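A quick write-up on the structure given underneath.
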Amino acid sequence: MLAALQQSPVVLLVDEVDRADDEFEAFLLEVLSTYQVTIPELGTVQAATPPTVVLTSNRTRELHDALKRRCLYHWIDHPGLEREVAIVRSRVPEVSAALARQVVEVVQQLRAADDLAKPPGVAETIDWARALHHLGTTDLNLGTAAASLGALVKHRDDADRVRAALDRMLTP
Numbered sequence: 010m011l012a013a014l015q016q017s018p019v020v021l022l023v024d025e026v027d028r029a030d031d032e033f034e035a036f037l038l039e040v041l042s043t044y045q046v047t048i049p050e051l052g053t054v055q056a057a058t059p060p061t062v063v064l065t066s067n068r069t070r071e072l073h074d075a076l077k078r079r080c081l082y083h084w085i086d087h088p089g090l091e092r093e094v095a096i097v098r099s100r101v102p103e104v105s106a107a108l109a110r111q112v113v114e115v116v117q118q119l120r121a122a123d124d125l126a127k128p129p130g131v132a133e134t135i136d137w138a139r140a141l142h143h144l145g146t147t148d149l150n151l152g153t154a155a156a157s158l159g160a161l162v163k164h165r166d167d168a169d170r171v172r173a174a175l176d177r178m179l180t181p
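If you're matching positions, the sequence shown starts at 10 in the numbering used here and goes up one per residue.
Structural data, given as structure tokens:
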């Protein structure tokens, strides 16, 4: 953050700010308010040109109102089917187009069900496709889907729900 204040022009990305502690959020608030920060050992570091700051949040916790007031809000939804398949194929090119599509179709159905504590994001879709590839999967089936479920969901209750859903989705 100090480097971003000292260099210009610069774009500062603060990823998953909702996972930061209150002290960091207060520090960030000072930076966004005045584009400077005072550190007793260093003095005041001020930006000659205010940085463009991009904050991301996964809504793990609510951000303080003072911080939100200094931001423009933009929601980015999960990508559509074709776009997510293209993302998976670009990040895991060794996965076949057919398997990538099957994986994304299942993930999007799980997201649409809206009964998971933490619906899988694109990163989990990529991880699951990669795990299935490492298991030698060429066609999604119940066995390999269940064996690799830990790459897709991160809560026990979600795993139980997804296992039941996979049983309905993948059993002929």
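Backbone N, C-alpha and C fix where the C-beta goes; we use that ideal spot for every residue, glycine too.
These figures come from a predicted structure and were not determined experimentally.
Whether residue i touches residue j by CB criterion (8 Å)
i: D166; j: A126; result: yes
i: L149; j: V115; result: yes
i: T134; j: L108; result: no
i: A160; j: L179; result: no
i: L14; j: Q55; result: yes
i: L151; j: Q117; result: no
i: L81; j: L37; result: no
i: V113; j: P60; result: no
i: P17; j: A57; result: The question names Pro, but residue 17 is Ser in the sequence shown. Cβ atoms of S17 and A57: closer than 8 Å.
i: V131; j: H73; result: no
i: Q170; j: D124; result: Position check: residue 170 holds Arg in this sequence, whereas Gln was assumed. It is a contact, given that the beta carbons lie within the stated cut-off.
i: R79; j: L41; result: yes
Coil, strand or helix - residue i by DSSP
i: R22; result: Looking at the sequence itself, residue 22 is Leu, so the reference to Arg does not match. Strand at L22.
i: G152; result: helix
i: L144; result: coil
i: A29; result: coil
i: E71; result: coil
i: Q16; result: coil
i: K77; result: helix
i: V162; result: coil
i: M10; result: coil
i: S157; result: coil
Rounded straight-line distance, which links the Cα of residue j to that of residue i
i: V29; j: I96; result: The amino acid at residue 29 is misidentified as Val; the sequence shows Ala. Their Cα atoms are separated by approximately 28 Å.
i: L119; j: R68; result: 19 Å
i: S157; j: R139; result: 10 Å
i: W137; j: V63; result: 28 Å
i: R92; j: T43; result: 39 Å
i: T53; j: E39; result: 12 Å
i: A174; j: P128; result: 13 Å
i: L22; j: T65; result: 8 Å
i: V26; j: V101; result: 27 Å
i: R172; j: R110; result: 19 Å
i: H6; j: P49; result: Since the first residue shown for the chain is 10 and the last is 181, residue 6 is missing from the structure and cannot be characterised.
i: E34; j: L141; result: 38 Å
i: W84; j: T47; result: 32 Å
Residues bridged to residue i [DSSP beta-bridge criterion]
i: L64; result: V23
i: T47; result: T53
Q.
Restricting to runs no shorter than 4 residues, where is the alpha helix (DSSP H) found entirely within the segment 80-141?
A. 90-100 and 106-122
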